[in-house]
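Undergrad: Got a structure for you, questions after.
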Amino acid sequence: MKTTLSVAAEPLTNNTETVTNAGMLRAMASPIRMRILGVLRIHGEQTVGQISEQIHEAPGSVSYHLGRLADAGLAQEVESSDSDRRKSWWRACQSSIYIDGSNAVNAGDKDEAVDLFRRSAALSYEMAYERFLDTVPKLPAEWVAACTSEDHVLQLTVEEMRLMLSELADVISRWKVKAQEGKKNDSDARTVALVLQAYRWIP
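Here is the structure:
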C-alpha cells in the first residue's frame, strides 16, 4: 500500500521524499504535527506565533511539535527575516512525503509505525473536513456549491485499481500545474483540499 501526504498548494519547489524510516513515520503520526506541516508547506516560513494563531494551539505546544518534526528531518528552524531573534521562524523540509511500505526499512518496527501514521492521517483528513463544515455558513454560496464529498464502490482487479489511480494522479498533476500558474494572476483562487483514498471495501 502506498501513501502520499501532500497539500493542495505548496510554495516549496516540488520536493517529495520517499519515507523509509520508522522514526520519521512516528514523528508524523500526529494530527497536530500534520496540520503544522500543512501550514508550513502552504504558507512558507512561519513563526511559532503565526502557526499558533492559525491552528489555535498554544505556542508552547506548537514549539514542542516543531521540535519533534525537526528531529525527524521534516521541519527546520531558519534565520529570522527581520533579524528579530525573539521570533522563532520555521520551514518545511519537503513539499510532500511518499510512503511505500514495500520499500521500508527497519521491518521489525516499520509495520507498526506505518499503521500508526495511516490512522493519524485518516483522523487528520476527518478533522480537516469538519473544520470546513464548521465554516460553511460563512463561505460564499458558490464555493459551497462547488465542493463535493462522494464515494463509489467498484469491482476491480489489482491491476485495474493501479491503472485507475495512475490516471487520477495524471489528472491531479495537470491541475496542480494549472493551479500554480493561475494563482499568480487570479485573485479569486483559494486553497482547495483534495483527498484521494482507494482501498478494499469491508462491509
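Residue numbers for the sequence shown follow the numbering used here, so the first one is 464 and each next one is one higher.
All residues carry an ideal CB built from backbone N, CA and C; glycine is no exception.
What did DSSP end up calling Ser515 once you bin it into helix, strand or coil?
TA: Under the three-state reduction of DSSP, Ser515 is assigned to helix.
Undergrad: Assuming Glu630 is part of the beta strand (DSSP E), what are its boundary residues?
TA: No beta strand (DSSP E) holds Glu630; the alpha helix (DSSP H) holding it covers Val621 to Gly645.
Undergrad: Contact check, Val511 vs Leu529 under 8 Å by CB: the rounded distance?
TA: 7 Å
Undergrad: Strictly by DSSP, which residues pair up with Arg554?
TA: Gln539
Undergrad: Skipping 5 residues on each side, what residues in its chain have a beta carbon closer than 8 Å to that of Ala667?
TA: The chain is shown only over 464 to 666; residue 667 falls outside these bounds and no answer can be derived.
Undergrad: Quick one: Cα of Val482 to Cα of Ala585, how far?
TA: 18 Å
Undergrad: Could you please give me the residues that DSSP links to Ser559 through a beta bridge?
TA: Per DSSP, Thr479.
Undergrad: So the alpha helix (DSSP H) Glu605 belongs to, where does it begin and stop?
TA: Ala604 to Ala609
Undergrad: My output table needs one value for Thr654: the three-state DSSP class, helix, strand or coil.
TA: The answer is coil: DSSP assigns Thr654 none of H, G, I, E or B.
Undergrad: Taking all protein chains shown into account, do 16 or more other C-beta atoms lie within 10 angstroms of the C-beta of Val672, making it buried, or fewer, making it exposed?
TA: For residue 672 there is no data in the structure shown, the boundaries of the chain being 464 and 666.
Undergrad: Output needed for Arg489: all residues of its chain with C-beta closer than 7 Å, excluding positions within five of it in sequence on either side, in chain order.
TA: Closer than 7 Å at Cβ, skipping near neighbours: Ala576 and Leu579.
Undergrad: Considering only their Cβ atoms, is the gap separating Val616 from Trp664 smaller than 7 Å?
TA: yes
Undergrad: Could you give the first and the last residue of the continuous alpha helix (DSSP H) run that contains Arg549?
TA: Unbroken run through Arg549: none, as it is neither H nor E.
Undergrad: Would you grab the beta carbon distance between Met487 and Ala535 for me? Rounded to a whole angstrom, and I think it's under 8 Å.
TA: 5 Å
Undergrad: Just tell me which of Tyr592, Arg549 and Cys556 has its CA closest to the CA of Thr611.
TA: Tyr592
Undergrad: Within a Cβ cutoff of 6 Å, which residues of the same chain sit near Ser515, ignoring the five residues on either side of it in sequence?
TA: So the qualifying residues of the chain are Pro522 and Val525.
Undergrad: State yes or no: is the C-beta of Arg554 within less than 7 Å of the C-beta of Leu503?
TA: Yes; because the gap between Cβ atoms is below 7 Å, this pair is in contact.
Undergrad: Please name the residue or residues paired with Gln509 in a DSSP beta bridge.
TA: Gln509 pairs with Trp553.
Undergrad: Am I right that Leu537 and Leu500 are in contact with their C-beta atoms under 8 Å? What's the rounded C-beta distance?
TA: 6 Å
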